[in-house]
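For reference, the structure is listed below as C-alpha coordinates.
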Amino acid sequence: MAVEWEKHDDTTFYINLAKALLVAVVFDRMGTPGWKVQVGKRSLKDKFATAEDAKKVAVAYAERVLNQCREELEAMKSAEPPPKKA
5 MAVEWEKHDD TTFYINLAKA LLVAVVFDRM GTPGWKVQVG KRSLKDKFAT AEDAKKVAVA
65 YAERVLNQCR EELEAMKSAE PPPKKA
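With the numbering used here as the guide, the letters of the sequence shown map in order to residues 5 to 90.
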(Lines of atoms letter the chains of each structure in order from A and count residues from 1; the text may use other names and numbers.)
(Lines give C-alpha, C1' and ligand atoms only; values in the text may rest on other atoms or scores of the structure.)
Protein backbone atom coordinates (compact mmCIF):
# COMPACT_ATOMS: atom_id res chain seq x y z
CA MET A 1 0.00 0.00 0.00
CA ALA A 2 1.65 3.19 -1.19
CA VAL A 3 1.05 6.26 0.90
CA GLU A 4 1.05 9.53 -0.99
CA TRP A 5 2.00 12.93 0.37
CA GLU A 6 -0.95 15.33 0.25
CA LYS A 7 -0.27 18.87 -0.94
CA HIS A 8 -2.02 21.42 1.25
CA ASP A 9 -0.49 24.40 -0.54
CA ASP A 10 2.86 25.30 -2.13
CA THR A 11 4.58 25.35 1.25
CA THR A 12 2.99 22.36 3.04
CA PHE A 13 2.91 18.62 2.37
CA TYR A 14 1.54 16.06 4.82
CA ILE A 15 0.63 12.43 5.50
CA ASN A 16 -1.93 11.42 8.10
CA LEU A 17 -0.78 8.00 9.37
CA ALA A 18 -3.66 5.76 10.45
CA LYS A 19 -5.76 8.92 10.71
CA ALA A 20 -3.98 9.54 14.02
CA LEU A 21 -0.45 10.86 13.47
CA LEU A 22 0.19 13.88 11.26
CA VAL A 23 3.56 13.96 9.49
CA ALA A 24 4.20 17.29 7.77
CA VAL A 25 6.92 19.21 5.95
CA VAL A 26 6.46 22.97 5.87
CA PHE A 27 8.54 25.64 4.15
CA ASP A 28 9.70 28.16 6.75
CA ARG A 29 10.86 31.62 5.63
CA MET A 30 11.85 32.82 9.12
CA GLY A 31 15.62 33.09 9.51
CA THR A 32 17.31 30.81 7.01
CA PRO A 33 14.64 29.60 4.57
CA GLY A 34 14.15 25.84 4.43
CA TRP A 35 11.79 22.90 4.91
CA LYS A 36 10.90 21.95 8.48
CA VAL A 37 9.73 18.51 9.63
CA GLN A 38 6.91 17.94 12.12
CA VAL A 39 5.61 14.61 13.43
CA GLY A 40 2.63 14.95 15.74
CA LYS A 41 3.56 17.53 18.37
CA ARG A 42 7.28 17.04 17.77
CA SER A 43 9.37 18.96 15.28
CA LEU A 44 13.00 19.01 14.24
CA LYS A 45 15.00 22.21 14.61
CA ASP A 46 16.94 21.55 11.40
CA LYS A 47 15.77 22.90 8.04
CA PHE A 48 16.32 21.07 4.77
CA ALA A 49 17.10 22.49 1.34
CA THR A 50 14.47 20.58 -0.63
CA ALA A 51 11.01 19.22 0.07
CA GLU A 52 12.14 15.75 -1.06
CA ASP A 53 14.97 15.69 1.50
CA ALA A 54 12.57 16.87 4.20
CA LYS A 55 10.05 14.15 3.27
CA LYS A 56 12.72 11.43 3.59
CA VAL A 57 13.76 12.75 6.99
CA ALA A 58 10.11 13.06 8.04
CA VAL A 59 9.45 9.39 7.27
CA ALA A 60 12.54 8.32 9.24
CA TYR A 61 11.59 10.59 12.15
CA ALA A 62 8.00 9.29 12.13
CA GLU A 63 9.37 5.74 12.31
CA ARG A 64 11.47 6.73 15.32
CA VAL A 65 8.45 8.30 17.04
CA LEU A 66 6.30 5.24 16.32
CA ASN A 67 9.00 2.93 17.73
CA GLN A 68 9.02 4.96 20.92
CA CYS A 69 5.21 4.71 21.06
CA ARG A 70 5.45 0.92 20.67
CA GLU A 71 8.00 0.70 23.50
CA GLU A 72 5.80 2.77 25.80
CA LEU A 73 2.73 0.68 24.94
CA GLU A 74 4.63 -2.54 25.67
CA ALA A 75 5.76 -1.11 29.01
CA MET A 76 2.15 -0.22 29.83
CA LYS A 77 0.98 -3.74 28.92
CA SER A 78 3.59 -5.41 31.10
CA ALA A 79 3.06 -3.06 34.04
CA GLU A 80 1.15 -4.40 36.99
CA PRO A 81 -2.47 -3.19 37.00
CA PRO A 82 -3.36 -0.68 39.74
CA PRO A 83 -5.05 -2.14 42.83
CA LYS A 84 -8.85 -2.08 42.81
CA LYS A 85 -10.55 0.38 45.13
CA ALA A 86 -13.06 -1.05 47.57
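Even glycine gets a Cβ: it sits at the ideal position worked out from N, Cα and C.
Since this is a predicted model, take the numbers as computed values, not measurements.
Sub-8 Å separation of residue 41 and residue 18 beta-carbons
Here residue 41 refers to the residue found at position 37 when the sequence shown is read from its first residue. Here residue 18 refers to the residue found at position 14 when the sequence shown is read from its first residue. In this structure, residue 18 does not lie closer than 8 Å to residue 41 by Cβ.
Determine, using beta carbons only, whether residue 51 and residue 39 come nearer to each other than 8 Å.
Here residue 51 corresponds to residue number 47 of the sequence shown, with the count starting at 1. Here residue 39 corresponds to residue number 35 of the sequence shown, with the count starting at 1. The answer is yes: Cβ separation under 8 Å.
When we look at the beta-carbon of residue 53 and count the other beta-carbons within 10 Å, is it buried (16 or more) or exposed?
Here residue 53 refers to the residue found at position 49 when the sequence shown is read from its first residue. Under this definition residue 53 is an exposed residue.
Would DSSP call residue 33 helix, strand or coil?
Counting from one through the sequence shown, the residue named residue 33 turns up at place 29. Residue 33: coil per DSSP, three-state reduction.
Spatial neighbours of residue 69 in its chain, beta-carbon cut-off 6 Å, leaving aside the 5 residues before and after:
Taking the first residue of the sequence shown as position 1, residue 69 is located at position 65. Taken in chain order, the residues that qualify are 43.
Comparing alpha-carbon positions, which option in 8, 27, 10, 14 lies nearest residue 62?
In the sequence shown, residue 62 corresponds to position 58, counting from 1. With distances taken between Cα atoms, residue 62 lies closest to 27.
Once you ignore the five residues that flank residue 88 on each side, which residues in its own chain have a CB closer than 6 Å to its CB?
For this step, residue 88 is matched to residue 84 along the sequence shown. Once the five neighbours on either side are set aside, residue 88 has no close Cβ partner at all.
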